[in-house]
Amino acid sequence: MGDTNGQVVAGGNGQGNRLDQLYRPTDVLIDKETDSLIICDPGNRRVVRWSRRSGTTQGEILIDNINCSGLAMDDQRYLYISDIDKHEVSRYQIEDKNGTIVAGGNGYGAGLNQLNWPDYIFVDQQQTVYVADNNNHRVMKWNKGEKEGIVVAGVNLINNQTTTILLDFLLLLLSPSTYDDSLLLDSLLNTTIKQKYEDKHLHVHEQINTTPNLETF
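Sequence positions in the sequence shown follow the UniProt record's numbering and run 1 to 217.
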């Protein structure tokens with residue numbers, strides 16, 4: 001606390017694909033068991049691990065050929081990774097390069113068994129996966145072992161008609177007081193857009209100015 005200067009703990013050697021470089025990293029988590037950082041490195045299509053021990057000069061590749069965006073780890077140290085090329089989230093054992101699909105995996109789309117550009121993810125103690133489904137402007141909840149997800153944010157019923165709330169930015173947190181599957185969402189914007197479908201085309205229907213709020217589901 002109180003430091004005014006940061007310290008480079010991974011990369012820092014310019015853009016590139018060497019093991020001492022990163023290229024547009026998007027997410028990072030700490031693996032306490034190995035005291036290391038696990039990093040999404042999508043510019044290099046890989047997930048890498050960097051030791052936090054002093055003297056570390058390069059990382060190691062955990063998974064390659066993946067356009068990762070988000071990372072999460074559950075209590076059993078399974079690693080969850082969102083892949084924006086395959087529109088899916090997969091679960092991996094550490095050191096295993098072959099994962100198991102736990103959300104999406106049916107091509108891009110808006111069906112309940114699909115994702116479209118899955119971004120940040122969160123996994124709770126029941127291994128329920130929450131996904132910020134970027135291009136579908138919604139948050140999906142996938143219970144363990146299910147083939148379809150549940151929309152938990154991004155769809156409302158207004159006047160008995162389904163309308164979509166455009167979520168431009170989503171912040172996902174698990175309630176620390178209950179540790180259940182309550183989801184906290186904050187759009188962090190002042191504009192909510194109600195949309196409707198007509199002839200399979202999406203049209204902006206009405207714009208309402210609101211204040212940012214934090215809702216618990």
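For every residue, glycine included, the Cβ atom is placed at its ideal position computed from N, Cα and C.
For residue i, the three-state DSSP class (helix, strand or coil)
i   : result
G43 : helix
Buried versus exposed call for residue i [16 or more other C-beta atoms within 10 Å across all chains shown]
i    : result
G12  : exposed
G16  : exposed
L189 : With a pLDDT of 32 at L189, under the threshold of 50, the modelled position of this residue cannot be trusted; read the value that follows with caution. L189 is exposed by the Cβ-count criterion.
V9   : exposed
T100 : exposed
Selection from the options that minimises the alpha carbon distance to residue i
i    : options                : result
N143 : Y120, L112 and G154    : L112
G107 : Y120, K86 and V123     : K86
N44  : R24, D75 and E60       : R24
D64  : Y78, R53, D74 and D96  : D96
N135 : I94, G145, E88 and G99 : E88
D75  : N5, T128, G6 and T4    : T128
N67  : E146, G6 and S90       : S90
A103 : L71, G149 and Y92      : G149
Beta-bridge partners of residue i, as assigned by DSSP
i    : result
P25  : Answer is none; P25 lacks a bridge partner.
T4   : The partner list for T4 (beta bridge, DSSP) is empty, contrary to what the question assumes.
A103 : V89
W142 : V129
A72  : Y80
7 Å Cβ shell around residue i - same chain, five flanking residues per side excluded
i    : result
D133 : L115, N116, P118, V139 and M140
D20  : N13, T57 and Q58
G109 : N116
V151 : R138 and M140
R77  : E33 and I94
D41  : L22, Y23, P25, V47 and V48
I61  : R46 and V48
N160 : Residue placement at N160 is poorly supported in this model, since its pLDDT is 45, which falls under 50; the coordinates still yield a value, given next. Cβ neighbours of N160 beyond the five flanking positions: none.
K147 : N113
Cut-off 6 Å between Cβ atoms - residues of its own chain near residue i, not counting five sequence neighbours on either side
i    : result
D35  : R52
S69  : T26, S82, I84 and D119
N5   : none
G105 : E88
Contact with chain D by residue i, beta-carbon distance below 7 Å
i    : result
A110 : In the structure shown, chain D does not exist; there is a single protein chain.
Proximal residues to residue i (C-beta, below 8 Å), its chain only, five neighbours per side dropped
i   : result
M73 : L29, D31, I38, L79, Y80 and V123
N98 : Y92
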